[in-house]
Amino acid sequence: MVLRLMFALSMLITFAGIVNARQKISVSSPDKKIVFGIELSKKHPVYQVRYNNNILISDSRMRLEFAGGHVFGRDVKPGKAIFSDGIEDYALPFGKTSYVKEAYKEMLLPMQENDGQGIVVNLRVRIFNDGIGFRYELPLQGNWNTYTLTEERTDFNLANNPVAKVAFLENYNTSHEHRYSRLNVNDIGNDTLMDMPALFAYPGKIYMAITEANLLNFAGMSLIKKNGVLTSQLSPFPNDPNTKVKASLPHHTPWRVLMISNKAGALIESNLLTSLSEPCKIKDLSWLKPGKATFHWWNGDVLPDTTFEAGVNFNFNKYYIDFCAANKIEYHTIIGNRGVPWFTNDGIEYQPGPNTDITTPRPGLDVKAICDYAKTKNVGIRFWVHWKALYPKLDAAFAQFEKWGITGMMVDFMDRDDQEMVLIQEEILQKAAVHHLEIQFHGAYKPTGSHRTYPNESTREGTLNYENDKWGNLITADDDINVVFTRGLAGGTDYHLGGFRAMPAASFHHQFTKPHVLSTRCHMLAMYVVLENHMSMVCDYPQAYEGQPGFEFIQEVPTVWDETRVPAAEEGQWVSIARRKGSAWYVAVITNNESRKVSVPLSFLKPGTYNATIYKDAPDVAIDPNKLVVEKKQFVSTDLLTIDLPASGGYVIRLEQL
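One point on numbering: in this note's numbering, the residue at position 626 of the sequence shown is 634, and numbering is uninterrupted.
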């Protein structure tokens with residue numbers, strides 16, 4: 009009764025004087041360039057977004073559809089908007105930067121239905137200099153304690169028919185491994201489902217990406233076109249397509265995010281998703297160590313001539329552990345071989361069966377002995393696991409893994425982002441942290457900033473990548489560039505890096521064992537810097553690296569960074585990304601399938617002289633794309649790098665101040 013009286017009083021205060029409320033209100037970014045406005049004169053509120061006085065989003069409606077046919081947003085009255093300032097000031101243990109301090113402006117607008125149940129929903133808008141986050145908050149109210157959401161309809165009525173770069177989805181059950189299409193928004197068909205982040209290029213070189221942040225206890229969001237307008241589409245429960253979210257009050261949606269800039273590279277630099285995510289929930293992170301890891305499945309479990317079998321015995325894993333120890337590779341991953349996982353399994357190939365037991369290794373595999381040996385070499389041991397084998401025995405499995413000495417794992421084939429799967433992933437991260445385990449999600453939905461909340465999430469797949477070269481869906485440099493400006497904007501991007509057998513496109517042939525890659529050796533090296541990835545793969549077999557130029561770069565390149573800058577880029581064509589670790593800067597440049605000459609300023613450097621080690625494509629790289637040239641030079645911050653990039657080429661430079 010007390011709660012109900014308090015609620016009634018608060019609503020009376022909040023909505024008092026509504027007749028005198030302003031019919032249009034707005035909130036701007038600290039630098040005044042981005043404006044989020046909301047029109048209140050109609051019964052249904054609509055919002056608009058401007059950047060430097062350019063309209064990016066025209067009048068767009070906001071609606072929440074509940075079970076029973078109840079729709080919030082058809083007839084509402086606004087309350088008094090509350091405006092505030094804030095600063096996000098936090099350290100990131102692992103990421104593209106180690107420290108973030110960013111100011112924002114915020115507006116909290118209560119909205120109440122004029123009819124029906126009189127439901128109250130608060131709209132919270134938070135604007136930084138690099139974008140907007142807004143979400144719907146459902147406070148505790150009256151007798152309403154729980155809700156079932158059948159759909160969220162947040163419209164994105166994009167002005168001026170921008171050029172979209174999007175990945176189309178067939179349905180909600182997806183690994184998110186799709187190619188990107190480039191077309192005008194008006195040319196996207198109705199009822200077409202699209203993945204996020206999606207990038208939109210406006211006239212005058214203004215860029216906006218749509219995605220979401222802080223996805224916890226909610227359904228993942230995609231985009232769909234309805235009646236000519238892009239709108240949100242939530243993923244349904246697998247066995248109940250009409251239900252999207254079930255929750256208790258108070259509750260809120262994830263942030264609906266608009267990343268905005270007049271420079272495409274600024275979207276790569278942005279920390280918007282982590283700034284909109286919850287602070288770290290893991291108290292002790294001293295056990296967590298980023299790095300690089302083997303992944304022998306990609307190379308086909310290749311070994312030199314030996315007397316032992318690949319994959320499921322001590323000697324095979326010792327061979328890889330010794331390789332890691334000799335070459336500064338922090339982790340070795342135990343997977344299985346020939347389509348059979350390392351754990352007891354009666355399913356077909358890697359798919360779990362009814363009697364799968366992830367706490368019991370296959371006969372002949374002594375996991376504890378492998379971990380003990382690896383410890384003497386200062387190499388961590390990770391697992392590959394199928395999520396359906398892991399989740400039914402999550403507590404027992406994690407306890408056993410910790411007892412053996414396992415440091416982390418890849419959790420694969422998740423292929424969903426409904427509320428149930430989102431909760432499963434959070435539970436995995438929470439319980440893994442208790443047992444000092446790092447988690448890498450594969451076949452997974454986009455990052456949403458959760459590595460701030462759970463830093464033991466090292467990276468995610470969820471993009472078309474070099475594993476496809478094994479079976480012929482060839483990954484080109486065009487694909488790499490597209491990923492950088494779409495899926496890569498969201499965060500950690502796992503990509504099966506490290507293939508050291510490049511072939512020219514004219515003579516390329518795919519093979520499952522010892523697969524080839526299309527882009528040049530220098531392009532592959534550059535991808536270790538271009539992509540944010542806190543647990544990068546070194547996925548080729550050890551002999552593929554022996555005596556090969558460029559492998560020393562893979563040995564030394566970090567996987568977490570103190571600072572990230574994009575000196576120059578042209579969306580869809582080429583990109584340069586500079587990342588700092590300590591006093592060393594790593595600058596990587598890649599192009600698409602076209603050759604080009606580019607200029608990269610070094611103005612991000614502090615004044616002084618820098619020693620540089622340069623890796624660039626050899627003059628005859630069109631004949632042998634594995635050839636490269638290593639040079640030593642000196643530079644100062646006023647220098648301009650002029651780089652000739654061959655088609656599908658790359659360039660990497662390491663700079664250390666004298």
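All C-beta atoms in this analysis are idealised placements derived from N, C-alpha and C, irrespective of residue type, glycine included.
- Distance from the CA of G555 to the CA of G139, rounded to the nearest whole angstrom, comes to 46 Å.
- The alpha carbon of R468 has as its nearest neighbour, out of N198, P550, A377 and G496, the alpha carbon of G496.
- DSSP places F493 outside both helix and strand once states are collapsed to three, so it counts as coil.
- Within the segment 434-477, the complete beta strand (DSSP E) segments of 3 residues or longer fall at 446-449 and 465-468, listed in chain order.
- Counting of Cβ neighbours within 10 angstroms places Q120 among the buried residues, the total reaching 16 or more.
- The segment 566-581 and the segment 452-459 do not touch, with fewer than three beta-carbon pairs separated by less than 8 Å.
- Using a 10 angstroms sphere on the CB of H517, the tally of other CB atoms stays under 16, which defines it as exposed.
- With contact defined as three or more Cβ pairs closer than 8 Å, the segment 355-374 and the segment 399-412 are in contact.
- For P575, the enclosing beta strand (DSSP E) has its first and last residue at E571 to E578.
- Within the DSSP secondary-structure output, S92 pairs in a beta bridge with E114.
- In the three-state reduction of the DSSP assignment, Y180 falls in the coil class.
- Taken in chain order, the whole beta strand (DSSP E) runs of length 3 or more contained in the segment 228-271 are 229-234, 237-242, 253-256 and 263-269.
- As for any alpha helix (DSSP H) of minimum length 4 sitting wholly inside the segment 137-201, there is none.
- Beta-bridge partners of K641 (DSSP): A620.
- Note that the C-beta distance between L431 and H260 is not below 8 Å.
- Sixteen is the threshold: since fewer than 16 other Cβ atoms of the shown chains lie within 10 Å of the Cβ of Y107, the residue is exposed.
- The beta-carbon separation of I489 and V583, rounded to 7 Å, stays under the 8 Å limit for a contact.
- In the three-state DSSP reduction, N323 falls in the helix class (H, G or I).
- Ranked by Cα distance from K326, the options T494, I414, D425 and I389 are led by I389.
- Counting other Cβ atoms within 10 Å of its Cβ, P205 reaches 16 or more and is therefore classed as buried.
- Collapsing the DSSP output to three states places K411 in a helix.
- Burial state of F316 is exposed, judged by a 10 Å Cβ sphere holding fewer than 16 other Cβ atoms.
- Y474 sits close to Y503, with the two beta carbons spaced by under 8 Å.
- Positions of the alpha helix (DSSP H) runs, each at least 4 residues long and wholly inside the segment 268-337, are given as 272-277, 280-283, 304-307 and 322-334 in order along the chain.
- Taking all protein chains in view, the Cβ of K478 is crowded by 16 or more other Cβ atoms within 10 Å, so the residue is classified as buried.
- CA-CA distance, S527 to G657, rounds to 6 Å.
- Your pair N62 and Y155 does not check out as a contact, with CB atoms roughly 37 Å apart and the cut at 8 Å.
- Collapsing the DSSP output to three states places A75 in coil.
- Around S243, the same chain offers Y180, A227, G228, D425 and D426 as residues with beta carbons nearer than 6 Å, after the five sequence neighbours per side are excluded.
- Remark: fewer than three beta-carbon pairs, one from each stretch, lie closer than 8 Å, so the segment 248-262 and the segment 78-88 are not flagged as touching.
- Note that the C-beta distance between T415 and Y358 is not below 8 Å.
- E446 is classed as buried because its beta carbon has at least 16 other beta carbons within 10 Å across all chains shown.
- Put simply, the backbone Cα of S611 is about 30 Å away from that of K113.
- One Cα belongs to G197, the other to S230, and the distance between them is close to 15 Å.
- For H340, there is no enclosing alpha helix (DSSP H); the enclosing beta strand (DSSP E) covers residues Y339 to I342.
- In chain order, Q120 place their CB closer than 7 Å to the CB of G126, counting only its own chain and leaving out the 5 sequence neighbours on each side.
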